[in-house]
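Numbering (mature numbering (1 follows the signal peptide of the UniProt record, and there is no 0)), first residue to last: -23 to -1, 1 to 183.
Virtual Cβ for every residue (Gly too), placed ideally from N, Cα, C.
All values reported here derive from a predicted model rather than from experimental measurement.
To keep things clear, I will list the structure first and then write my remarks on it.
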């Protein structure tokens, strides 16, 4: 009896650990409504002129990532690593300019942090068409502009944000979504339509 219980304990532990992730992945699958083509941010155009390799469209056909608990954990790991590593610093303090997008080392603002998460996820095997830089308005900061990373999966679209350690579905944030990259071409930006009635938030668990 004791030996049987000892063999079962590791299995039970894995099931218990996986339960929150499975519950999170069972949330409604709702994708953001895309509007018309819009102008790319000036910072993106400047970044691409200096880093053309980071801005190429993928030759692979567009497809959403099939999300698993392991891949969800990878999102958490990279999101937390970058948030902890990069100290938020304004472009004015770092470059003496109001706006400049650049790959950060240990300092940067929201766009820089998004660029690093995007690069790390791509190098971890995520398709670039599933990693969309997104501009939003933050009501907590009187409508100030902010950048986050939208990650497209078969379970919906997740937001990686330097202002939060959590990963939320896009519709669980309090942001007003403005524009983002097209999955087919990172240099093509599209507007986003405000959502109507949406489910309440459920936090993903590590």
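Counting along the chain, the unbroken beta strand (DSSP E) around residue 136 starts and ends at 133 to 137.
Here residue 169 is not near residue 73, since their CB atoms are 8 Å or more apart. Shown here for residue 66: same chain residues with a beta carbon closer than 8 Å to its own, the five before and five after excluded, namely 84, 85 and 86 in chain order. Per DSSP, residue 8 lies in no alpha helix (DSSP H) segment and is marked neither H nor E.
Linking residue 131 to residue 95 through their CA atoms gives a straight-line distance of about 18 Å. Annotation for residue 113: the continuous beta strand (DSSP E) segment containing it runs 108 to 115.
Remark: C-beta atoms of residue 77 and residue 113 do not approach each other more closely than 8 Å. One thing to note: residue 139 has its Cβ within 8 Å of the Cβ of residue 90. Segment contact: the stretch 48 to 64 against the stretch 153 to 164, fewer than three CB-CB distances shorter than 8 Å; contact not assigned. Under the three-state reduction of DSSP output, residue 164 falls in the strand class. With three or more CB-CB distances shorter than 8 Å, the stretch 143 to 152 counts as touching the stretch 107 to 123. In this structure residue 8 is exposed. Its beta-carbon is surrounded by fewer than 16 other beta-carbon atoms within 10 angstroms. If you look at residue 57, you'll find it in the alpha helix (DSSP H) that goes 46 to 62. The straight-line gap separating the alpha-carbon atoms of residue 92 and residue 82 is approximately 11 Å.
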